[in-house]
Every structure is written in C-alpha cells, then in structure tokens.
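In case it helps, numbering that gives the first Met the number 0 puts the sequence shown at residues 0 to 386.
Built from N, CA and C at the ideal position, the CB exists for glycine as well.
Below: one structure, written as structure tokens.
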Amino acid sequence: MVDLKAGLKALAALSILSLTACSSDVVIREPAPEPEVVTTQEKVSIDTLWTHSYSADEDLPTGVFRPAIVGQKVYVASNEGDVARIDAESGDEDWDLDLDTTLSAGIAANEKGSVVVARSGDVVFISADGAELWRTDINREVIQTPLLDDSTVYLQTTNSNVIALDITSGAEKWVYSSRSPSLTLRGTGQPVIYRNRLLVSLDSGNLIALEKSSGQLLWERRLQVPKGSNEFERIVDLDGRMTLSDNVLFVPGYQGNLSAVEAYTGQVLWQKEISSFMQPAYSVGRLYVADSSSHLIMLDYRSGEVKWESKDFEYRELTSPEALGLYVLSTDMEGNVYVIDKSSADVVAKKGLGDAPITLVSNAEYAVAQTANGKVRAFKLEVEKKD
0 MVDLKAGLKA LAALSILSLT ACSSDVVIRE PAPEPEVVTT QEKVSIDTLW
50 THSYSADEDL PTGVFRPAIV GQKVYVASNE GDVARIDAES GDEDWDLDLD
100 TTLSAGIAAN EKGSVVVARS GDVVFISADG AELWRTDINR EVIQTPLLDD
150 STVYLQTTNS NVIALDITSG AEKWVYSSRS PSLTLRGTGQ PVIYRNRLLV
200 SLDSGNLIAL EKSSGQLLWE RRLQVPKGSN EFERIVDLDG RMTLSDNVLF
250 VPGYQGNLSA VEAYTGQVLW QKEISSFMQP AYSVGRLYVA DSSSHLIMLD
300 YRSGEVKWES KDFEYRELTS PEALGLYVLS TDMEGNVYVI DKSSADVVAK
350 KGLGDAPITL VSNAEYAVAQ TANGKVRAFK LEVEKKD
C-alpha cells in the first residue's frame, strides 16, 4: 500500500522520468539541513512519558495509522492487526487485541469503542473493554481512518464512495457514490461532522455536504480548479484531513488552495494559494499548515493573511502540525520531533524518536507519536525559565 506522501513521490518520479526523456537538466531538490535549536529565555524540553512497540510487517503509512486520544485513553493499531488501548497517565495497556488480519486503516475511537479497517474490506468494531463486537465486509478499499459518532461509523473509500454503518450491528445504513478523476494521488480525506452534516472532500477538488442520517447530498462546492498542460499538473486532490473550528472548515488542497468554508452553507470565506495534503492545526485565531514543499506557514484564520512562513524544513517531509500550548509540533522524514515557537517560528526544542517517519497527535496536555515501524511514544513539553 502506498500512502499520500509515497503517492506524491511516485508522481514526482514519473515527472522526472518524462523530463529526462527530453532534457538532461533535471532539478534535484535536496532537503534543507536539520534545523538548529534557537536559544531563548526559556528552556523547552521534550520529556518521554512512556513507550510501546507493536509489530509492523512493513512501514506504516504516515498519517493513516495514527493514535486516537479519547479522554485519558490512547488507542493504537498497526497494520499487522494489533489493536491496543493504553492509559495515558500510567502508560499501562488496558488491553491488547490481535485481530488476525492485515489492516489498511485505523484507528478511530470514542466512548463506545474503536474501529479499524482490514485490507480484505472488513470493518472491525471493538468495544471499549477490548472485545470484538462485529466484523462487516464492505467489499471496498479504505486507506483512511474511519469516523465515528454515537450511532454510526463513516468510511470514505478510495473510489470516492462514502459508507455509513450502524455502530451497534455493523449493518449498512446508506452509501453515497461519486466519480473520481482518472489520475489522482493515492489516498482520501477523512469526513468531518458538523451538526446534521457530514462534510466530505473528494479527489475531484469538490467539497460536499451529506445529510448524516440518510446520505442525501445537501450541497456541493468546487474548491480546486485543475490547471496545467498535462495530467500530472492538473491533479487537484483534496486528500488532506480537514480541520473544523467553530463553524469554519479549513480544507487543504494539493496543487491548489487552502480554503476556509462556512461549514453549514458551504460558502467559501477565503482561499490562499497553498498546496498541501497535510491537516492544518488551529489555535487561538491562527492556522498552521505544512505545504507540499514543507514550508511551515502561520495564517490568520479569519482572513487567510500569512503572518509568517518558515522555510527551515524545506523538503524535509513535514507531517501535519499539532498545536500544544505556546508551541507547534511537527515531525520530519528522519523521525525528528520539532517544537516551534508560535510567535517567532523558531525551533526551540527537538528530539529524535527514531529513523522512521512519524504520525503525531496531541491534546491540551501531551502528544503521542507513532513511528512507521510501530513504536508508540507519549511525551509532554517541560518549560523552564532561565536565570
């Protein structure tokens, strides 16, 4: 299976091959050197709270196998079928379940339980105490984390279908079908719930709103318009996860725009020409996004005005940023975690967590990182005033 970044690398490789056929002047983009920590009046350190390892038969796709935080519990899954719940404070496993299948996506969780998707097409729901409750074959490929509410499991498939399953039984409630372009990045977005609507970003560059209970189409908005002279240049996937803050949905787009959309009506509030397939992070009126060149950008969430842009991580394959207190966290292709000051964009701390890419999630207290080779680490930031 190929993740979003791998799909982009493959696309770049194909572009280079076609360029090579007509020219020897191929531009090779070297990653920027690893950024150095800037000395400030405060010493920021990354303190590991606990570590676990789970088997992975191949590198886990960055962003697809990401931990889920529900209260003081952390849910994790690996592609070999391991699913576990960890107490965030102690680091002890509440339970560890082997599903005896290879997974393609996971894990989503809420107070009722957790759900993962197998490569075979099985959707597996696990109770909060670690028992498998049901397994339903949807006969479609899913490579993005499902979405849960109190009554329904929502899945977006690679062929641009959206499927709703009953959370209690796994029975199909409805299916919405749409057509995908002939050439896309391999991946899908993840739907977002707003009131009675399910908001879905599509490979076509469109954003749609479905009625949650029926799957009925309520509205459709084109956010990305294909440009360029060939099929590769005209790809405008909305593959990145979206971010909802109050009633505004922030939608990243590859080779297109970052869009701010009123979530109920679909009115486009502003667009900024930023190519990205990474989920933006929102914090205190600011939006943080890593673009497709791994520039880290801070914008005003109301207007889209760029407040700063850091090129310190250029081509280092930054992951989706996470806001934690006064700082923004992100990781790179070499397994480094960076702590970036929100006001200055300076790197104030960093820590290597291994030689594999990392998926990162956080809440107000701590962050959890899952590496491509199956290691899961929780850590928090310690800030100490210097004398």
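In this structure, does DSSP put valine 1 in helix, strand or coil? Reliability fails at valine 1, whose pLDDT of 37 lies under 50, so the model's placement of it is uncertain and the value that follows must be treated cautiously. It is coil, neither helix nor strand.
Could you check whether alanine 163 and threonine 151 sit closer than 8 Å to each other, using their CB atoms as the reference points? Contact: yes.
Run the CB neighbour count on threonine 330, radius 10 Å, all protein chains shown included, and call it buried at 16 or more, exposed below. Answer is buried; the Cβ neighbour count reaches 16.
Could you tell me which residues DSSP puts in a beta bridge with aspartate 245? According to DSSP, aspartate 245 bridges with nothing at all.
Curious, which full-length beta strand (DSSP E) runs of at least 3 residues does the region 296-324 contain? As far as the region 296-324 is concerned, its whole beta strand (DSSP E) runs of at least 3 residues are 305-309 and 321-323.
Identify every residue that forms a DSSP beta bridge with leucine 201. None, per the DSSP bridge assignment.
Please classify glycine 284 as buried or exposed, where buried requires at least 16 neighbouring CB atoms within 10 angstroms. So glycine 284 counts as exposed.
What distance in whole Å lies between the Cβ atoms of tyrosine 314 and serine 292, which are believed to be in contact at a cut-off of 8 Å? Between serine 292 and tyrosine 314, the beta carbon gap of about 6 Å places them in contact (Cβ cut-off 8 Å).
Per DSSP, leucine 209 is paired with what? The beta-bridge partner set that DSSP reports for leucine 209 consists of Leu197 and Leu216.
Sort Glu308, Glu383, Gly373 and Asp121 by Cα distance to alanine 55 and report the nearest one. Comparing C-alpha distances from alanine 55 to each of Glu308, Glu383, Gly373 and Asp121 shows the shortest one belongs to Gly373.
Enumerate, from N- to C-terminal direction, the unbroken beta strand (DSSP E) stretches of 3 or more residues contained entirely within the region 54-110. Whole beta strand (DSSP E) segments, 3+ residues: 67-69, 72-76, 81-86, 92-97 and 102-109.
C-alpha distance - aspartate 136 paired with threonine 167, whole-angstrom precision: Distance from the CA of aspartate 136 to the CA of threonine 167, rounded to the nearest whole angstrom, comes to 15 Å.
State the Cα-Cα distance for the pair leucine 206 and glutamine 40, rounded to the nearest angstrom. Near 44 Å, if we compare the C-alpha coordinates of glutamine 40 and leucine 206.
In angstroms, rounded to a whole number, what distance separates the CA positions of phenylalanine 312 and isoleucine 339? When only Cα atoms are considered, phenylalanine 312 and isoleucine 339 end up about 11 Å apart.
Given a cut-off of 8 Å, decide if phenylalanine 378 and aspartate 97 are closer than it, judged by their beta-carbon atoms. No. Outside cutoff.
Going by beta-carbon coordinates alone, are threonine 144 and glycine 120 separated by less than 8 Å? Not a contact, by the Cβ cut-off of 8 Å.
For glutamate 364, write down the residues that DSSP places opposite it in a beta bridge. Answer by DSSP bridge pairing: none, since glutamate 364 is not bridged.
For glycine 80, collect the residues of the same chain with a Cβ closer than 7 Å to its Cβ; drop the 5 residues on either side in sequence, then sort them by chain order. The answer, listed in chain order, is Asp97, Leu98, Asp99, Thr100, Thr101 and Leu102.
Does DSSP classify glycine 112 as helix, strand or coil? It is a strand residue.
Please report the distance separating the alpha-carbon of leucine 146 from that of valine 191. Cα-Cα distance, rounded: 8 Å.
Quick one: residues in its chain with C-beta nearer than 7 Å to the C-beta of lysine 42, no 5 flanking neighbours on either side, listed in chain order? So the list reads Glu383 and Lys385, once near-sequence residues are dropped.
So what does DSSP say about isoleucine 162, is it helix, strand or coil? Residue state, collapsed to three classes: strand.
From leucine 237 to glycine 188, what distance separates their C-alpha atoms? Looking at the backbone, the Cα of leucine 237 and that of glycine 188 are separated by about 7 Å.
Does the Cβ of aspartate 86 have 16 or more other Cβ atoms within 10 Å, making it buried, or fewer, making it exposed? By the Cβ-count criterion, aspartate 86 is exposed, with fewer than 16 other Cβ atoms from all chains shown falling within 10 Å of its own Cβ.
Candidates Leu248, Glu33 and Leu216: which alpha carbon is nearest lysine 349's? When each option's Cα is compared against that of lysine 349, the closest is Glu33.
Do you know offhand how far valine 75's Cα is from tryptophan 94's? A straight-line Cα-Cα distance of about 11 Å links valine 75 and tryptophan 94.
Considering Cα atoms alone, identify which of Pro30, Val250 and Tyr175 is closest to leucine 216. Residue Tyr175 is the option with its Cα nearest to leucine 216.
Here's the rule I'm using: 16 or more other beta-carbon atoms within 10 Å means buried, otherwise exposed. How should alanine 289 be labelled? Buried.
Any idea if arginine 142 is buried or exposed, counting beta-carbon neighbours within 10 angstroms, 16 or more meaning buried? Here residue 142 turns out to be isoleucine, not arginine, going by the sequence shown. Flag for isoleucine 142 reads buried.
Span of the beta strand (DSSP E) around asparagine 138: Where asparagine 138 is concerned, there is no enclosing beta strand (DSSP E), given that its DSSP letter is neither H nor E.
Nearest neighbour of leucine 132, chosen from Arg139, Leu298, Val260 and Ser113 [CA to CA]: Of Arg139, Leu298, Val260 and Ser113, the residue nearest in Cα terms is Ser113.
With H, G and I counted as helix, E and B as strand and the rest as coil, what does DSSP make of serine 23? For serine 23, the predicted structure reports a pLDDT of 45, less than 50, and the residue's modelled location is therefore unreliable. The matter cannot be settled from this model.
Among Glu261, Ser282, Pro279 and Leu257, the one whose alpha carbon lies nearest that of glutamine 270: Per the Cα distances, Leu257.
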